[in-house]
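Number of protein chains: 2
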Amino acid sequence: MSQPSIPQGTRDFGPVQMAKRTFIFDTIKSVFQRFGFQPLETPTMENLSVLMGKYGDEGDQLLFKILNSALDKKKDHEKVAIKAAFDKVLEQSYTSNLITERGLRYDLTVPFARYVVMNRNDIALPFKRYQIQPVWRGDRPQKGRYREFYQCDADVVGTTSLLCEAEIVLMLNQALTNLGIKDFTIKINNRKILTGIAESVGATGKEGDLAVAIDKLDKIGKEKVEAELLERGFSSESIQKLQPFFAMKGNFDVQVALLADLFQGSETGQKGLQELSEVIQLVTAFGLTDTHLEFDVTLARGLSYYTGAIFEVKAGGVQIGSICGGGRYDNLTGAFGVPGLSGVGISFGVDRIYDVMEELSLFPSKDTISTRLLITCFDKEAFTYALPVLAKVREAGINAEIYPDIAKMKKQLDYADRKKVPFVVIIGSNEMATGRLALKNMTTGEQKSLSVEEIIEVILYTEQ
Amino acid sequence: MSQPSIPQGTRDFGPVQMAKRTFIFDTIKSVFQRFGFQPLETPTMENLSVLMGKYGDEGDQLLFKILNSALDKKKDHEKVAIKAAFDKVLEQSYTSNLITERGLRYDLTVPFARYVVMNRNDIALPFKRYQIQPVWRGDRPQKGRYREFYQCDADVVGTTSLLCEAEIVLMLNQALTNLGIKDFTIKINNRKILTGIAESVGATGKEGDLAVAIDKLDKIGKEKVEAELLERGFSSESIQKLQPFFAMKGNFDVQVALLADLFQGSETGQKGLQELSEVIQLVTAFGLTDTHLEFDVTLARGLSYYTGAIFEVKAGGVQIGSICGGGRYDNLTGAFGVPGLSGVGISFGVDRIYDVMEELSLFPSKDTISTRLLITCFDKEAFTYALPVLAKVREAGINAEIYPDIAKMKKQLDYADRKKVPFVVIIGSNEMATGRLALKNMTTGEQKSLSVEEIIEVILYTEQ
Numbered sequence: 001m002s003q004p005s006i007p008q009g010t011r012d013f014g015p016v017q018m019a020k021r022t023f024i025f026d027t028i029k030s031v032f033q034r035f036g037f038q039p040l041e042t043p044t045m046e047n048l049s050v051l052m053g054k055y056g057d058e059g060d061q062l063l064f065k066i067l068n069s070a071l072d073k074k075k076d077h078e079k080v081a082i083k084a085a086f087d088k089v090l091e092q093s094y095t096s097n098l099i100t101e102r103g104l105r106y107d108l109t110v111p112f113a114r115y116v117v118m119n120r121n122d123i124a125l126p127f128k129r130y131q132i133q134p135v136w137r138g139d140r141p142q143k144g145r146y147r148e149f150y151q152c153d154a155d156v157v158g159t160t161s162l163l164c165e166a167e168i169v170l171m172l173n174q175a176l177t178n179l180g181i182k183d184f185t186i187k188i189n190n191r192k193i194l195t196g197i198a199e200s201v202g203a204t205g206k207e208g209d210l211a212v213a214i215d216k217l218d219k220i221g222k223e224k225v226e227a228e229l230l231e232r233g234f235s236s237e238s239i240q241k242l243q244p245f246f247a248m249k250g251n252f253d254v255q256v257a258l259l260a261d262l263f264q265g266s267e268t269g270q271k272g273l274q275e276l277s278e279v280i281q282l283v284t285a286f287g288l289t290d291t292h293l294e295f296d297v298t299l300a301r302g303l304s305y306y307t308g309a310i311f312e313v314k315a316g317g318v319q320i321g322s323i324c325g326g327g328r329y330d331n332l333t334g335a336f337g338v339p340g341l342s343g344v345g346i347s348f349g350v351d352r353i354y355d356v357m358e359e360l361s362l363f364p365s366k367d368t369i370s371t372r373l374l375i376t377c378f379d380k381e382a383f384t385y386a387l388p389v390l391a392k393v394r395e396a397g398i399n400a401e402i403y404p405d406i407a408k409m410k411k412q413l414d415y416a417d418r419k420k421v422p423f424v425v426i427i428g429s430n431e432m433a434t435g436r437l438a439l440k441n442m443t444t445g446e447q448k449s450l451s452v453e454e455i456i457e458v459i460l461y462t463e464q
Numbered sequence: 001m002s003q004p005s006i007p008q009g010t011r012d013f014g015p016v017q018m019a020k021r022t023f024i025f026d027t028i029k030s031v032f033q034r035f036g037f038q039p040l041e042t043p044t045m046e047n048l049s050v051l052m053g054k055y056g057d058e059g060d061q062l063l064f065k066i067l068n069s070a071l072d073k074k075k076d077h078e079k080v081a082i083k084a085a086f087d088k089v090l091e092q093s094y095t096s097n098l099i100t101e102r103g104l105r106y107d108l109t110v111p112f113a114r115y116v117v118m119n120r121n122d123i124a125l126p127f128k129r130y131q132i133q134p135v136w137r138g139d140r141p142q143k144g145r146y147r148e149f150y151q152c153d154a155d156v157v158g159t160t161s162l163l164c165e166a167e168i169v170l171m172l173n174q175a176l177t178n179l180g181i182k183d184f185t186i187k188i189n190n191r192k193i194l195t196g197i198a199e200s201v202g203a204t205g206k207e208g209d210l211a212v213a214i215d216k217l218d219k220i221g222k223e224k225v226e227a228e229l230l231e232r233g234f235s236s237e238s239i240q241k242l243q244p245f246f247a248m249k250g251n252f253d254v255q256v257a258l259l260a261d262l263f264q265g266s267e268t269g270q271k272g273l274q275e276l277s278e279v280i281q282l283v284t285a286f287g288l289t290d291t292h293l294e295f296d297v298t299l300a301r302g303l304s305y306y307t308g309a310i311f312e313v314k315a316g317g318v319q320i321g322s323i324c325g326g327g328r329y330d331n332l333t334g335a336f337g338v339p340g341l342s343g344v345g346i347s348f349g350v351d352r353i354y355d356v357m358e359e360l361s362l363f364p365s366k367d368t369i370s371t372r373l374l375i376t377c378f379d380k381e382a383f384t385y386a387l388p389v390l391a392k393v394r395e396a397g398i399n400a401e402i403y404p405d406i407a408k409m410k411k412q413l414d415y416a417d418r419k420k421v422p423f424v425v426i427i428g429s430n431e432m433a434t435g436r437l438a439l440k441n442m443t444t445g446e447q448k449s450l451s452v453e454e455i456i457e458v459i460l461y462t463e464q
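If you read the protein sequences in the order shown, they are chains Y and G.
Residues in the first sequence are numbered consecutively from 1, following full-length UniProt numbering.
Residues in the second sequence are numbered consecutively from 1, following full-length UniProt numbering.
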């Protein structure tokens, strides 16, 4: 395969540029927030009806249009036929690049691999990168499954050190704890252990089928799993030999001892156990007291891809799938002609984490993004009086705004209410005369006459 | 026009969700950084050759493919003809949505307008939103012009208050100052003043032509501008009457007095002057000492769009176009069937700001994203000894990592060097025996024996 490239007019932003760009974005963002602006993000894709005709003829030409995916079925039968014919032509046209030569990012791993290959002379290996960006898939949308969603990945490439696996466990612990999620389990397994099981039950090379089947133990029970294994070509004898694995129980050491016994004939299985044990030892060496780790010999996530450790995180107390997943893969950049680079990574399922935190009410009530003070005025004179007050409050680092029109007080308070602004300052002739302004706590309803300095103190030191 | 909608499977993230999502992203990011991971962003668009075949047959189907833009010209003549024919069919197919029904975001304003219309019952007006996201245009790429680039916009809709204009001036001042850019000019004008000029020289309705021509005064000089005006149908008499405008000089008050005199016959012109003066008064009322403001009667940026104030920011000391731009528009959501919503906004040209800051060396040398400490070890024993040290350093809020393999010291130091890590701890048998570790400052080359606590102090309190 020839060297990969990126489309003309697009850029990768490596760590150095990202640090600088982040500085710019963060600086501008915090000023926007200081002035009471709130963040909005809209989808990357818009319906053409929204976009076309809005930017003049030139804009219509310059707009990037997205080909309907094969899944965008039309009901009209004639159209179905045309679409099918078009899809066929399209497929034949890929090599000519005549109709389409670019696609939307589908995950973060392939672009990362492409980046590593294109920049392999400049990257210091091992390369530890994280990437948080949206990806797109023409899947049929349903609850919790979107066509545009964020992935949030961290990977290390260029080393086979098991320390990386241990640090993933540490990162998961730290991140989930910092998010306020206390009840979670980090399941760990190793692809080599699955291979070892297949080998030791006389089903060498069938770890894929085995994994798919035993993954369902929880859901459909042992009998149905055994039926499925039979269907997938496992012999009755193999299934008989699987019984000890199904029955696997006890703490980490007990399970490892059991497996070591069963893996006497499988070198790969032994290697898997050894890797697993070393990861656990390293995690312990870091001094972590509660690792949340659980060895799950039936964990088989993305088996075709992973070659070593396999991770999955489940949150307790909510009915939801895994919230993080990852593992080690031995050939990240092979598809781009650079073999032999091993990597290990973890991906946070941001949408599911959002749902978990929402359901368990874990979002901190105090947010640093929103407006904390609205200044309201009875008349134009008060409005002019208010401007330097506003400047002072903002200078103290408080996100604040003034209602921009001379309007009825009810309307102004209503605005604060709808925007969930926790404090309101009210300025009228009395306040201007005394210099003591009315500060209203919108949560408690309490109202006090205070100097600007006192107002700043109250806002800074009141929990929202 | 019917109610706008968003493509199936996509989502708008309004202020409330954004606050929560930001909390999640920031928390995970800072953990990634604490463990020495660095950020990467790759383009939204990848060449199909990079993507196809990487996700299995299903992935190839689910990939969103982007139609070649009309500008993607093929050299092969036969292909040119086929492409042209295809583009024509495509154009006819837009209404049927058969081939394409979605496009990539072209700017942030149209999606914002669409969002306001779709959520107008839930939004508290005036709505102050900021949005920082990439946009895509099939323009011919050249230096400083990309097909994927970020826009960084803040707008207020739902009020005609000139306070919003004044706050834009304040925000520009604050943001550029915080970025470290000291030498900049905020040019301000008003669309109504341009209308007034056209009216008062007997060229009513021709402010568009006037603007395009006088915008070039700096570049091509007065004589050529006059020639262009003649060409654009201005009479010699009108051009004669324009002389005082060309010669406009002096501070704000002087210019306004001159214009007031010339606008005696133009109500619109007078209104423009009045708006301009009020914005300046409001900025002054905030107590800003150096406003960086400059009234430029020839500023005509995006004239077809703006209806009131027009802004543009130029950076001094660098040869580069404007770094910010914006203004007031009276009919943001008219195209989506909701007339009468006035808005005013500002857009930061992030790519140009990056270039300005790079050229003037304004990026702070201390960044909070990168690794500050690398621990290196002579052997496996030292490696195990190092892990709790690493945990302690990270706990103190320092982004730190350990070289994950047992490798030659030179290789480990080389890694620190290439990754620009400012501090390295070296652990060998001596260090383990005494508990005092060797801390090497990679900038100065200085090396000291210190306890872990002392190392933490040094790193926290040393400027990078």
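Using N, Cα and C, we set each Cβ at its ideal position, and we do this for glycine too.
As the crow flies, the alpha-carbon of Y/K448 is around 42 angstroms from that of G/K187. By the rule that beta-carbons nearer than 8 angstroms mark a contact, Y/P4 touches chain G.
Residue contact with chain Y for G/A247: absent (no Cβ-Cβ distance below 8 angstroms to any residue of chain Y). With respect to G/L413, G/V425 sits apart: the two C-beta atoms are not nearer than 8 angstroms.
Here Y/D296 has K187 and N189 as same chain residues with Cβ atoms under 6 angstroms from its own Cβ, once five neighbours each way along the sequence are excluded. The beta carbon of G/K440 is closer than 6 angstroms to those of V424 and Q447 in its chain, skipping five residues each way along the sequence. In this structure, G/H292 sits near G/T185, with a CB-CB distance shorter than 8 angstroms. No Cβ of chain Y is located within less than 8 angstroms of the beta carbon of G/N121. Of all residues in the segment 328-339 of chain Y, the ones placed with a Cβ closer than 7 angstroms to any Cβ belonging to chain G are A335, in chain order. In the displayed model, G/R102 falls within a strand according to three-state DSSP. When Cβ-Cβ separations below 8 angstroms define contact, G/A382 makes no contact with chain Y. For Y/G59, a Cβ of chain G is located within less than 8 angstroms of the residue's own Cβ. For G/Y106, the CB contacts under 8 angstroms within the same chain, skipping 5 residues up- and downstream, are V135, W136 and R137 in chain order.
A direct Cα-to-Cα measurement between G/N47 and G/Q38 gives close to 25 angstroms.
Among the CB atoms of chain G, none fall inside 8 angstroms of the CB of Y/Y305. Among the residues of chain Y, those whose CB is under 7 angstroms from the CB of G/P404 are P126, T159, S161, L163 and C164, following chain order. The C-beta distance from G/Y150 to G/I132 rounds to 7 angstroms, short enough to meet the 8 angstroms contact threshold. Under the criterion of beta carbons closer than 8 angstroms, Y/L67 and G/L67 qualify as touching, at roughly 6 angstroms.
With respect to chain G, the C-beta atom of Y/D367 has a partner C-beta closer than 8 angstroms. Within 8 angstroms of the CB of G/F86, the CB atoms of chain Y belong to L98 and I99, in sequence order along the chain. The beta carbon of G/F378 sits closer than 6 angstroms to those of G428, all from its chain and outside the five residues before and after it, given in chain order.
One finds nothing in chain G with a Cβ atom closer than 9 angstroms to the Cβ of Y/R301; even the nearest lies about 16 angstroms away. A direct Cα-to-Cα measurement between Y/I406 and Y/K380 gives close to 7 angstroms. Contact note: Y/S361 does not reach chain G at a C-beta cutoff of 9 angstroms; the least C-beta distance is about 11 angstroms. Shown here, Y/E463 sits in coil according to DSSP, grouped into three states, outside any helix or strand. With its beta carbon less than 8 angstroms from one in chain G, Y/D139 belongs to the interface. Rounded to the nearest angstrom, the gap between the Cα atoms of Y/K216 and G/G144 is 53 angstroms.
For G/L439, the pairing in a beta bridge is given by DSSP as G/V425 and G/K448. The straight-line gap separating the alpha-carbon atoms of G/D367 and G/F263 is approximately 53 angstroms. Taking a cut-off of 8 angstroms for Cβ pairs, the segment 159-166 of chain G and the segment 233-251 of chain G do not touch, as fewer than three such pairs fall below it.
Membership of G/A175 in the alpha helix (DSSP H) is indicated by the continuous run L163 to L179. Among the residues of the segment 37-53 of chain Y, those with a Cβ less than 9 angstroms away from any Cβ of chain G are F37, Q38, P39, L40, E41, T42, P43, T44, M45, E46, N47, L48, S49, V50, L51, M52 and G53, in the order of the chain. In this structure, DSSP gives Y/V31 a helical state, which the three-state scheme calls helix. Beta-bridge partners of G/A386 (DSSP): none assigned. For G/K222, the enclosing alpha helix (DSSP H) stretches over residues L217 to E231. Taking a contact as a CB-CB distance under 8 angstroms, the pair Y/A260 and Y/L273 counts as one, their CB atoms being some 6 angstroms apart.
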